[in-house]
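Chains as they are written, first to last, in the working numbering: chain A, 1 to 468; chain B, 469 to 1035.
Listed below in structure tokens is the structure:
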């Protein structure tokens, strides 16, 4: 018998919505998470995240699975595996189809109307909570962290309670199942949004200084600076994505052509010896050479940033200006590579890539407290002035552990400090308008789970009592 | 008769045992009151604690034990060792150097020090002091390597460990440890004796009077000096003094250790019940577990009072709390089903987790201070508690799974009714496990978001928690879809044990693994052993039903009726 198209469609949907697929996907996901965890032993955290989770097809290296072998052991090869995005998408599809196929409305007439209305109100409340209608654009948080978080969770809890009531009216005994899965979809959608829209960076400020940009410590840029204008510097920056070995960068804004001879994500810098075949023909690279190193591991106890370095050959009007070594380490020591082209002198820096902000943060004071008799930090806080000329804002704020500053869609957290001087702060700046979603989603799923299991438990206990 | 009397008698005996343990024995008047000295609060490692705790922690680091044997082979408290080291400079006998307390188990190092292997590998400083200068160069080299973050080999690691033990000795002898003198002002800057003497603080002299009396062996003067110092402190710092007294008492009673052995006894009773007298023995076990559980709970409350923090703050306390959760759940299951299964679960998990806690305590102060970001009571109380409850419930399901497989394969005792009941227990435990691990994991993400603005960072510990959620969800969906029955539920729950252990211990080993010399040492070794054991049990479970000694019910679906259906 030849199956018709409709049969195929029905069978396809049945397979897509089947619990077998759910189980297979959950098993696949468990393994992928495991592989992506152990991969961090030998790979950087972000490399692992990109290679395993934020991709459609993951490439699982055998080396990752043999994480317990000594570090310099070489195990070649690997195999493709469904990536995080693929599993996530299939799980959502599986969930939606299976609900559409199996969950039936249990309500008619007024009950249906009331249920639908409650759900609509609940969804509207969810939307309001997520889009921060209930919390102000606060530049100073006076409440204790305990209350702040409790209030955020209570918002989610309130929303979830309304939604559960609506689901109960519409779906009866399966209310919890519907609600908790809706929460999971919401949560997975957030992770997707974060992947595409959230940005994070570091703001390093010394006492008495200001900053109006954040640095992305995962990526570098090659900055060509013309310091000649009196009141400002002319800066042209080439982002890391353009700095592949062998790439040639031509841009009318650049005074010369940049040819990337070799780009090293992580490198050690050491003094040059006579035996080195040194690529550099000018600048600091004559005395020092860069040696490529393995990327820093995310799982390492002292998770450090990659010390990138590159050899670049500069050319103008067909003539070679020289091959320079540029390195983050030089930049940290404020050691620019000086190049003269077209009568002007330019400073060359390989630095963390920067993003500029519409506001400025001025660090007045950084304070530090330790537990008695130890080096374990107890508390540290930055006393800053927030300046926003566009909006005419200028106010003093204290940013400290678990007490971030939320301003213009950014959240500024106390992340670190200058270990040498103890007079400089490091703020983590995150742009993520969806930060409230997990709070709400968490409470929705929790309510759904509790409702579902709670109903079963009550039923079970009632039956036992009846039997006894 | 038997059924009623036996539980009473056992409960009474156990309560008597706990009572005896809880009463402090005080030294006779003609001896030094080391116990009172041990109650004096001092600051060390960022925390105010009684000298008794300090001495135990330090001796544990040096010797892996909290007591030591004197020349006559008599067991002596850690405080005596601490005092002996403190008076080293003025002690003509140099007793501190004769105590065999420094643990050296690296054979190469023993060779270097020209020491014979002996049981327990504990040596006195006098036995190897003359060999130390020869090691100087190698120590220097190992230190440089460590500073440059190069990999140390096994010998170098053990050498540095050994040297750090000696450094403790030396620091105590020159009074750099502990910070004895409380701050006079409102700050929390405690001073060491050396610092306080320089500042001519009268408290320093009062403390040194104790030390001098000890050095001279003057019992009356020692007791008087201790008494006057203690009363002086209880006026100046009443809260520290009160906590100091309680902590010293807590140390001596060691309630978790008492509970550990009582759980073991309870397990022995349940094991006996498999041979006969089922009802009486089971009831005795349940009562004994309940008594032990109350002790366990009291001890947890005591720790919360002492540390001023929610129950779980580190690996040690997580073990204690996971055990508490498992026992609670086991008792509830026993109350509901009265099959002895709950007793077995409660007693095994109580004993095992407290044993693990005991081993973890070797790493130093179990109430050590936390890094700044972890210091948030709200998150510790919610996230960490939920996560550990998730571990507990998932372990309980896994233990029931093990029990089902082992009894089914190896004995004919697994009746169809028992089997169905155990499946329901597993199912319930996994439901709760899913709830707690999900909420705990998400709360962890929210904590991260609240602290540094990243809800999910794919960090190993987060991933471990996520794996538990995924696995529990997998089990539930497989059950709802009818893909597994009792046997499959048991096998998958046993795999759950592996996943929880990975999340609990494995990911920590990963971070350390970068700097250590392999995955076969210490904790990692036990973890691997546990995983292998679980694989064996799961493998047994996969044997065809015909080869089980308890023949399963006919291959029909009648066992499924009790299970709720999913979407």
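The C-beta atom is built at its ideal place from N, Cα and C for all residues, glycine as well.
Reduced DSSP secondary structure (H/G/I, E/B, other) of residue i
i                       : result
residue 202 of chain A  : strand
residue 403 of chain A  : strand
residue 277 of chain A  : coil
residue 559 of chain B  : coil
residue 568 of chain B  : coil
residue 27 of chain A   : helix
residue 301 of chain A  : Because residue 301 of chain A sits at a pLDDT of 39, beneath the cut-off of 50, its placement in the model cannot be relied upon, and the following sentence gives the value as read from the coordinates. The answer is coil: DSSP assigns residue 301 of chain A none of H, G, I, E or B.
residue 320 of chain A  : strand
residue 441 of chain A  : helix
residue 338 of chain A  : strand
residue 174 of chain A  : helix
residue 345 of chain A  : strand
residue 103 of chain A  : coil
residue 475 of chain B  : helix
residue 813 of chain B  : helix
residue 1017 of chain B : coil
residue 959 of chain B  : helix
residue 22 of chain A   : helix
residue 833 of chain B  : coil
Sequence-distant residues of the same chain with beta carbon closer than 6 Å to residue i, five excluded per side
i                      : result
residue 160 of chain A : 443, 444 and 447
residue 425 of chain A : 205, 363, 366, 382 and 417
residue 180 of chain A : 445, 448 and 449
residue 761 of chain B : 795
residue 7 of chain A   : none
residue 789 of chain B : 779, 780 and 856
residue 818 of chain B : 731, 791 and 795
Environment of residue i [buried if 16+ CB atoms lie within 10 Å]
i                       : result
residue 208 of chain A  : exposed
residue 1037 of chain B : As shown, chain B starts at 469 and ends at 1035. That puts residue 1037 of chain B outside it, with no answer to give.
residue 824 of chain B  : buried
residue 691 of chain B  : buried
residue 72 of chain A   : exposed
residue 845 of chain B  : exposed
residue 187 of chain A  : buried
residue 131 of chain A  : exposed
residue 517 of chain B  : buried
residue 1006 of chain B : buried
residue 1018 of chain B : buried
Proximal residues to residue i (C-beta, below 8 Å), its chain only, five neighbours per side dropped
i                      : result
residue 766 of chain B : 723
residue 531 of chain B : 569, 570, 571 and 590
residue 705 of chain B : 509 and 650
Beta-carbon contacts of residue i that lie in its chain and below 7 Å, excluding the five residues immediately before and after
i                      : result
residue 534 of chain B : 524, 527, 528 and 546
residue 606 of chain B : 627
residue 390 of chain A : 358
residue 687 of chain B : 498, 499 and 500
residue 295 of chain A : 43, 44, 47, 265, 266 and 306
residue 576 of chain B : 623
residue 66 of chain A  : 75
residue 356 of chain A : 212 and 213
Residue i CB to nearest heavy atom of the ligand PLP below 6 Å
i                      : result
residue 542 of chain B : This structure does not include the ligand PLP; it has no bound ligands of any sort.
Can you give, in chain order, each stretch of the beta strand (DSSP E) that sits fully within the region 518-555 of chain B and has at least 3 residues? 535-537 and 543-545
For the region 452-459 of chain A and the region 721-734 of chain B, state whether three or more C-beta atom pairs, one from each stretch, are separated by less than 8 Å. no
Report yes or no: do the region 823-831 of chain B and the region 776-796 of chain B share at least 3 C-beta pairs separated by less than 8 Å? yes
Threshold first: 3 residues or longer. Then list the beta strand (DSSP E) segments lying entirely within the region 208-265 of chain A, N to C. 210-226, 234-239 and 257-264
Between the region 225-241 of chain A and the region 3-19 of chain A, do three or more beta carbon pairs fall short of 8 Å? no
Meets three-Cβ-pair contact criterion under 8 Å: the region 498-513 of chain B and the region 738-757 of chain B: no
Could you name each continuous alpha helix (DSSP H) segment of 4 residues or more that falls completely within the region 656-721 of chain B, going from the start of the chain to the end? Here the runs fully enclosed are 661-666, 670-684, 687-704 and 706-721.
Across the region 802-814 of chain B and the region 878-894 of chain B, are there enough close Cβ pairs to call them in contact, namely three or more that are closer than 8 Å? yes
So within the region 352-382 of chain A, which uninterrupted alpha helix (DSSP H) runs reach at least 4 residues, ignoring any that extend past its ends? Segments of the alpha helix (DSSP H) lying fully in the region 352-382 of chain A: there are none.
Three or more C-beta pairs under 8 Å: does that hold for the region 114-129 of chain A against the region 162-177 of chain A? A contact exists between the region 114-129 of chain A and the region 162-177 of chain A.
The region 576-587 of chain B contacting the region 621-635 of chain B, beta-carbon criterion three pairs below 8 Å: Cβ pair count under 8 Å is three or more, so yes.
Residue ranges of each alpha helix (DSSP H) run of no fewer than 4 residues wholly in the region 909-983 of chain B, ordered along the chain? Runs of the alpha helix (DSSP H) inside the region 909-983 of chain B: 928-948, 954-969 and 975-981.
Is the region 55-62 of chain A close to the region 275-294 of chain A, with three or more CB pairs under 8 Å? Judged by pairs of C-beta atoms under 8 Å, the region 55-62 of chain A does not touch the region 275-294 of chain A, as fewer than three such pairs exist.
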